[in-house]
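Student: A single structure is presented below for examination.
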Amino acid sequence: MLHAFMIKPGLLLANAGYQSNWVEVLSQPFMRNAFIAGSLVAIASGMLGYFVVVREGEFAAHALGHIGFPGATGAVLLGLSPTLGLAVFCVGGALVIGALGKRASERATATGTVLAFATGLGILFASLATESSTTVTNVLFGNLLAVSTGQIKVFALFTVALALVLAVIARPLMFASVNPDVAEAKGVAVKALGIVFLVLMGLVVTMAVQVVGTLLLFALVVTPPATALKLTARPIRVVLLGTTIGLAAVILGLVTATILNLPPSFFIVSYSFLTWLIVLGATREQHHSGH
């Protein structure tokens, strides 16, 4: 009976699409673009991800990717760039969520409401657009290998702009995130900061969706900083460590995907998840041994 379930290693590799020339493939221009774009997204996600976790904005980050879905499909319907539509809806959704909810509970309700409407709108647009099937797949699962040089330039400019904005608002944003009532009493514009943060999140999500898609963007925007927070509580260290985890997931994911000739999104997500799982197990073991 056992022989029926035995698979030869060569057959397994053949089914997986093993590429013997994977080193050559890695040197191709489209792969270089993929490495650069993925790295920029990992850096941007690492910088903002700390605040996403501290402000309990994980649901909002996840939702914004889905809110961008009708923007991409609607843009195809109008003959426009899907990326433009994605960005407009992500940022627009962030503005609406920020305007409707000041506290975490209010934001969660606003996020869920906007998400439900956007999902319905996305289904409508996808059914009307005859050429939307590829766009739908790319938005849901990402298409890192198709990132253009023009997109990389936009990613680079935004990453620099994000770093500059965060350098200015990091302290008051941290204050407003940890203790919004006291921050507001001290004169901090809590609601305005919240809206700015959500807009930045919407733009980072727009980048991340193009790499891993709406269904998997947690792997870059949330999982790396959440993993880093289990190892250190210092903001700068969390940002640096979270960025490193994201970069490692992108690089290892792309290399593995090239070797096996499979989509990179799965491997990027897998490496990010495995890192979180290992750190979670190690910290729990350390906690138990401490007692």
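Quick note: the sequence shown uses full-length UniProt numbering, first residue 1, plus one each step.
Ideal Cβ placement from N, Cα and C applies to all residues, glycine included.
Could you compute how far the alpha carbon of residue 317 sits from the alpha carbon of P172?
Tutor: Since the first residue shown for the chain is 1 and the last is 291, residue 317 is missing from the structure and cannot be characterised.
Student: Please report how far the alpha carbon of F155 lies from the alpha carbon of M207, in whole angstroms.
Tutor: Roughly 7 Å between the two C-alpha positions.
Student: Under 8 Å, with one C-beta from each stretch per pair, do the stretch 73–87 and the stretch 25–39 reach the 3-pair mark?
Tutor: No, the stretch 73–87 does not touch the stretch 25–39.
Student: With distance defined between alpha-carbon atoms, name the residue in G253, T275, F59, I259 nearest to S265.
Tutor: Here the closest residue by C-alpha is G253.
Student: With DSSP run on the structure shown, which of helix, strand or coil describes A189?
Tutor: If DSSP states are grouped into helix, strand and coil, A189 belongs with coil.
Student: Sorted by chain position, which residues of the same chain lie with C-beta nearer than 6 Å to T243's C-beta, five sequence neighbours on each side aside?
Tutor: Contacts found: I43, G46.
Student: Under 8 Å: do the stretch 192–211 and the stretch 52–61 share three or more Cβ pairs, one atom per stretch?
Tutor: In short, these stretches touch, since the Cβ pair count reaches three.
Student: Of the choices A233, L260, F218, whose alpha-carbon is the least far from that of S272?
Tutor: When only C-alpha atoms are compared, the closest one is F218.
Student: CA-CA distance, V221 and G71?
Tutor: Spanning the two alpha carbons is a distance of roughly 20 Å.
Student: Buried or exposed for I7, please, with buried defined as at least 16 other CB atoms from any protein chain shown within 10 angstroms of its CB.
Tutor: At I7 the pLDDT is 40, less than 50, meaning the model places this residue with poor confidence; the figure from the coordinates comes in the next sentence. Exposed, by the Cβ-count rule.
Student: Using CA atoms only, rank isn't needed, just tell me which of T137, I259, A233, K230 is closest to H66.
Tutor: Residue T137 is the option with its Cα nearest to H66.
Student: Can you tell me whether A183 is buried or exposed? The criterion is at least 16 other CB atoms within 10 Å of its CB, across all chains shown.
Tutor: A183 should be labelled buried.
Student: Buried or exposed: where does A116 fall if 16 or more other Cβ atoms within 10 Å of its Cβ makes it buried?
Tutor: A116 should be labelled exposed.
Student: On a CA-only basis, which of V250, K186, W276 is nearest L229? Give me that one, please.
Tutor: The shortest C-alpha separation from L229 is found at W276.
Student: By DSSP, does T232 sit in helix, in strand, or in coil?
Tutor: It is coil, neither helix nor strand.
Student: Can you tell which of A189, C90, L140 has the C-alpha that lies nearest to the C-alpha of V212?
Tutor: Of A189, C90, L140, the residue nearest in Cα terms is L140.
Student: Whole angstroms is fine: what's the gap from V199's alpha carbon to V88's?
Tutor: Roughly 10 Å separates the two Cα atoms.
Student: Where does the unbroken alpha helix (DSSP H) through A63 begin, and where does it stop?
Tutor: 58–77 is the span of the alpha helix (DSSP H), which, as asked, contains A63.
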